[in-house]
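Q: For the sequence shown, numbering that gives the first Met the number 0 begins at 0 and goes up steadily by one.
Sharing a structure with you now.
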Amino acid sequence: MAIINGTNGADHLEGSDGIDTINALGGNDVVNGNKGDDIANLGDGNDEFGWVPGDGSDTIDGGAGLDTLDFDGANADENILIFANAGKAIFFRDIASVQMTLTNLETIEFEALGGSDLVTVNSLAGTAVKHVEIDLAGVHDGTAADGAEDTVIVNGAGFTNGAPVNDAIKLTQTGTGADATVHVAGLAAETTISHFDPGDHLIINGLGGNDRLDASLLPQSMVLVLDGGEGSDTLIGSAGADLLLGGAGNDLVIGAKGDDTAFLGSGDDTFAWAPGDGSDTIEGGPGTDSLAFLGAGVNEAIDISANHGRTTFFRDVAAVNMDMNDVERIQFTALGGADKVTVHDLTGTDTTRIGIDLAATAGGTTGDGAVDSVTVEGTAGIDKISLSSSADALGIGGLQASVAIQHSEAGDRLLISAGDGDDVINAAAVAAGKISLTLSGGAGNDKLVGSAGTDTFLGGAGTDRFQFNLVSDSVVGPKADRIADFRHAQGDRIDLSVIDANTGAAGNQAFTFIGNGLYTHHAGELRFAVNGADTTIAGDVNGDGTSDFHITLTGHVALTAADFVL
């Protein structure tokens, strides 16, 4: 066992092939232990300890100054693990089971030098290490990647004394092309990766705690995986195609640019999309998961549909396609523009609620002034669709997914298309002025009940019933409700039986149909007249000889009493 002593100058010290103790003393020294399991005391100064394949497992104390371990890999597939143990940094290499024990060293440099390497950097909290530099070049001091598929894993702090640690990890890149370096900052030691291939992998694990893993400033470089682990985490992807893993907890996942894949894990998670982001695949998990999709303030067409048990959200601008499974809620915030939103039959999917916010601004309380259109489609079977309104929203229920439209205006349009089947669409609980409403029954014997506002009815094929509950449901004049396809031959009926035809008498009185005759000042008279291209139905409920409501039929229809439920 040799003892090798340096001076207080800048020494270059070489160990023997045996077990050495090297005391470098002062100065900026370069020390190579060579073969054997050596002990090196680097002393004062900014020192460097070098290791090459064939050397032993060394124990190094850097002493004062800024000291570095320079570790060269071999042109082989190596597993490297860097971790903390009782205040010391441990550098382990699987080939030859090399273990370097480091005290008072501030920087670790690993040059891979070829092969498909796996480098794992655990938390180095409690050690002196502040920088881990990983160079994936194929040759020593090279400027090009090695062409093999390398993987770098950086783990967060996880837990300290059993308590979760909240990490804030930020990924950035300096330089471009062959000079690009990825920086992983926010932990006790910053990790950098240089000379990587596009096919190399970078995995960031938050482990325990409510972590923030932010790659928003990282251009498309390596294949990136962000794994939040346990806790309510925030994951923000890079400009590339990332894999985002929420893990347990209520996570916020932002894919950002690139076509990303997200596994949200357990908990009530949210995947957020903003203009400029890519087409993403979202896999939910246990809990109530949501897609929050932000519009661009331009004219956008949004199409939400089922696809073999999955939910597809398509945006025509930039042809964005979101593919989802186990995502229960979708929130679309339009932010201006004349938007067109279509919600198809979502039977067989996990989506149960869709929110459509037509406000002019995020968090706003008023509409955008543009004419927005929403279409909600029923199933091929029997549907019972109900609509209701509140101060700032309009709700549609009875289908696989309920739909809530927020901050609509009277000029906006809503089409409820029930499709096939003997359907019921009931909009009686919708206040006037909320939206321009069209109820379409489709094929089948349907019952359509209008709102307090201006409605259009399309019965479609089959024997349909158009029901009016209040005189105020259809006003006199051009804003009266319209039945666009009333058909005698199909047995269609206009149901006025709920309306009291005589407000001056007790109880609910029936109307008296007087054909196209004029009022005779008797309450309860119901008549029709042809006006231009339309037919107008009019009713007088107080006997003053003046119409109290109108219903417009498209086309010329010679009505009879049999066309009504009076």
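Here a beta-carbon is modelled for each residue, glycine too, at the ideal position from N, C-alpha and C.
All values derive from a computational prediction rather than experimental measurement.
1. Can you tell me which of F331, I482 and G394 puts its alpha carbon nearest to the alpha carbon of T360?
2. The beta strand (DSSP E) with I301 in it runs from where to where?
3. Would you kindly check if the distance between the Cβ of A409 and the Cβ of I434 is under 8 Å?
4. Does the Cβ-Cβ distance between A63 and N40 come in under 8 Å?
5. Cα separation between R309 and L393?
6. Taking the alpha-carbon positions, what's the L112 to M0 distance?
7. Starting from the Cα of L170, find the closest Cα among H139, Q219 and G125 and give me that residue.
8. In whole angstroms, give me the CA-to-CA distance for N204 and T233.
9. To the nearest whole angstrom, what separates the beta carbons of I404 and I493, a pair I think is in contact under 8 Å?
10. Which parts of the segment 172–206 are runs of the beta strand (DSSP E), unbroken and 3 residues or longer, counting only runs that do not cross its ends?
11. Looking only at C-alpha atoms, which of A255, A247 and N249 sits nearest to G236?
12. In terms of alpha-carbon separation, which member of G61, T534 and F158 lies closest to V30?
13. Between the beta-carbon of T150 and the beta-carbon of I192, is there less than 8 Å?
14. For I2, which three-state DSSP category applies?
15. Residues in its own chain within less than 6 Å of F456 by CB, not counting five upstream and five downstream?
16. Below 8 Å on the Cβ atoms is my guess for D43 versus G32; work out the distance and round it to an integer in Å.
17. Are the Cβ atoms of G248 and S231 separated by less than 8 Å?
18. Just confirm the distance between the C-beta atoms of L565 and F527, as a whole number of angstroms; I'd bet it's less than 8 Å.
19. Quick one, are the C-beta atoms of M321 and S278 less than 8 Å apart?
20. Should D71 be listed as close to the ligand FAD, given that the test is whether its C-beta is under 7 Å from any heavy atom?
21. Should V470 and V373 be called a contact, given that it needs their Cβ atoms to be closer than 8 Å?
22. Go ahead and label P163 buried or exposed: buried means 16 or more other beta carbons lie within 10 angstroms of its beta carbon, across all protein chains shown.
23. What residue range is occupied by the uninterrupted beta strand (DSSP E) comprising K446?
24. Helix, strand or coil: which one does DSSP assign to S439?
25. Taking the CB atoms as reference points, tell me whether A502 and A522 lie closer together than 8 Å.
26. Applying the 10 Å Cβ sphere with the 16-neighbour rule, what's the burial state of T190?
27. Within 10 Å of its beta-carbon, does T6 have 16 or more other beta-carbons around it, so buried, or fewer, so exposed?
28. Would you mind reading off the limits of the beta strand (DSSP E) that contains F270?
29. For D93, tell me which candidate among G86, I79, N84 and D226 has the shortest Cα-Cα distance.
30. To the nearest angstrom, how far is it from the Cα of G366 to the Cα of L357?
31. In terms of residue numbering, what span does the beta strand (DSSP E) encompassing V252 cover?
32. Between I59, G55 and G49, which has its C-alpha nearest D16's C-alpha?
33. Which residues in the same chain as D391 place their Cβ atom closer than 8 Å to its Cβ, once the five residues preceding and following it in sequence are excluded?
A: Working from what's here:
1. When the alpha-carbon of T360 is set against those of F331, I482 and G394, the nearest one is in F331.
2. I301 -> beta strand (DSSP E) spans A300 to N306.
3. Against a cut-off of 8 Å, the Cβ pair of A409 and I434 comes out as a contact.
4. Going by C-beta atoms, A63 is not nearer than 8 Å to N40.
5. Distance between the alpha carbons of R309 and L393: 26 Å.
6. Using only the alpha carbons, I get a separation of about 31 Å.
7. Among H139, Q219 and G125, the Cα nearest to that of L170 belongs to Q219.
8. Between N204 and T233, the C-alpha separation is close to 12 Å.
9. In fact, because the Cβ distance is near 28 Å, the residues do not count as touching under 8 Å.
10. Here the runs fully enclosed are 180–184, 189–193 and 200–204.
11. For the residues A255, A247 and N249, the minimum Cα distance to G236 belongs to A255.
12. Between V30 and the set G61, T534 and F158, the nearest pair of CA atoms involves G61.
13. No.
14. I2: strand per DSSP, three-state reduction.
15. Counting only Cβ-Cβ distances below 6 Å, and skipping sequence neighbours, we find L438, L447, F465 and I482.
16. Contact flag wrong, Cβ pair sits at about 19 Å.
17. Contact flag set, yes.
18. So it is not a contact: roughly 13 Å between Cβ atoms.
19. Yes.
20. Ligands are entirely absent from the displayed structure, and the ligand FAD is therefore not among its contents.
21. Between V470 and V373, the CB-CB gap reaches or exceeds 8 Å.
22. Burial is judged here by how many other beta carbons sit within 10 angstroms of a residue's own beta carbon; P163 has at least 16 and is buried.
23. Here the beta strand (DSSP E) through K446 covers K446 to V448.
24. Residue state, collapsed to three classes: strand.
25. Note on residue identity: the sequence assigns Thr, not Ala, to residue 502. Between T502 and A522, the C-beta spacing is below 8 Å.
26. Here T190 is buried: its Cβ has 16 or more other Cβ atoms, across all protein chains shown, within 10 Å.
27. Result: exposed.
28. Per DSSP, F270 belongs to the beta strand (DSSP E) from T269 to W272.
29. Looking at the Cα atoms, I79 is the closest of the given residues.
30. Near 6 Å, if we compare the C-alpha coordinates of L357 and G366.
31. Segment L251 to I253, the beta strand (DSSP E) holding V252.
32. Considering only I59, G55 and G49, the residue with the shortest C-alpha distance to D16 is G55.
33. In chain order, T364, Q405 and H406 place their CB closer than 8 Å to the CB of D391, counting only its own chain and leaving out the 5 sequence neighbours on each side.
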